Amino acid sequence: MKVAKLYDFGDIKIEEVPLPEIEDDEMLVKVKACGICSSDTMKWYIKKKAPLVIGHEFSGVVVKVGSKVDKFKPGDRVFIHHHAPCMECRHCKRGNYVMCDVWKSSKIIPGGIAEYVKVPDVNLRNDTLRLPDDVSFEDGAIVEPVACSVKAFKRAGIRKGDYVVVLGLGFMGQVNVKLAKFYGAEIVVGVDKVKYRIEKAIENGADYAVNFLNENIKSKVLEFTNGYGADIVIVGPGTIDAIKLGLEIVAKGGKLILFTPTPDDAKLEIRPYEIYFNEISIIPSYSAGPDDTIEALDLISKGIVRAENLVTHKFKIENTLDAFMLTANAGESLKCMIVFD
């Protein structure tokens, strides 16, 4: 079978490898769609993981199941999370699924941009979902990223009437805009530097969208919120500058959500005095758990979020590098997706 193997930033080769052999408690899935995540293109992140078969946002159809598998059968259309928790440890019992050691070590084999994927037992049992008939394979492939947004708003404790600012308006930013409105935000402000993405944010429900290259974001946010600021700031870019901007615009008593990791050597200087007396909460939101994927699939099934409105470019596996570079350039695109026959 063909796989897209990444060796370094901009170095992706299409290779032939044997189909994975499954055990009695595993299954084999023919991949139908796999998205390129912005994290797939972060240079510092790639260096920690390469070489690897790229891709983790995928869906497909079951072609073979082990003798002990009774939850799924050949022909089932499925979403599979690339990480799944044990559901038994203290972290899992407290709902902190991404802190579970099993979650961290679990994986799909060999990766999402492959013609076939082996689904290990823990992924199969604890975070694989059957797709409803009205959910396309491309919709199935956005379950995982939408789940990340679902989790972020849970951690933010979003309430009806909140003022929300979304920094970064790529695919995830657009989803964050849509869900902020769905969850009841009164005002949603999007911030980016790309005109195309700014315009898309308005289409996706933002009340305002501004370009940080030629606007004073703090002034604009205060203007839009009658001098109040943002109850919730979702910081999309994994940069110190973006985090600092978020701290400038978050309201007293507000919450700053770190949606994307920074490099492990990045350092943020803060004034605890201001954080304390203004009761600012800085909250990280890392990936998503099985409760979040279930809710994400439900939102997709209900049409709150749909791939057809967010997938801007489709490629065959042979053109994975083109999809990768288009995603990395962060210009006039949102979600690039590899599609299979």
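For the sequence shown, this note's numbering begins at 11 and goes up steadily by one. Heads up, the beta-carbon is just placed ideally off N, CA and C, and yes, glycines get one too. None of these values were measured; they are calculated from a predicted model.
Look at residue 346 here: in three-state DSSP terms it is strand.
Residue state for residue 44 is assigned as strand, using DSSP reduced to three classes. Cβ-Cβ distances below 6 Å link residue 27 to 13 in the same chain, with the five nearest sequence neighbours on each side left out; the list follows chain order.
Taking a C-beta distance under 7 Å as the contact criterion, residue 40 and residue 25 do not qualify as a contact pair. Taking 7 Å as the cut-off, the beta carbon of residue 345 is found closer than this to the beta carbon of residue 181. Assignment of beta-bridge partners to residue 14 by DSSP yields 24. Remark: C-beta atoms of residue 103 and residue 70 do not approach each other more closely than 7 Å. Within the model, the alpha-carbon separation for residue 338 versus residue 332 is close to 10 Å. With a 10 Å radius around the Cβ and a threshold of 16 neighbouring Cβ atoms, residue 139 comes out buried. Sequence-distant Cβ neighbours of residue 157 in its own chain, meaning closer than 6 Å and more than five residues away, are 298, 302, 303, 306.
DSSP places residue 100 in no beta strand (DSSP E) but in the uninterrupted alpha helix (DSSP H) bounded by 100-103. When beta bridges are read from the DSSP output, residue 37 appears opposite 75, 129.
Looking from the CA of residue 63, the closest CA among 128, 122, 111 belongs to 122. Distance from the CA of residue 237 to the CA of residue 51, rounded to the nearest whole angstrom, comes to 37 Å.
For residue 268, the uninterrupted beta strand (DSSP E) run begins and ends at 260-268, by DSSP. In the DSSP assignment, residue 138 forms a beta bridge with 90. Per DSSP, reduced to three states, the secondary structure at residue 227 is helical. In this structure residue 348 is in contact with residue 44, their Cβ atoms being roughly 5 Å apart against a cut-off of 8 Å.
Contact check between the segment 216-227 and the segment 140-156: fewer than three CB pairs, one atom from each, fall below 8 Å, which does not count as touching. The segment 87-107 makes no contact with the segment 54-61, as fewer than three CB pairs between them are under 8 Å.
In its chain, beyond the 5 residues on either side, 54 have a beta carbon closer than 6 Å to the beta carbon of residue 273. With a contact defined as Cβ atoms closer than 8 Å, residue 198 and residue 227 miss out at about 14 Å.
Residue pairing by DSSP places residue 206 in no beta bridge whatsoever.
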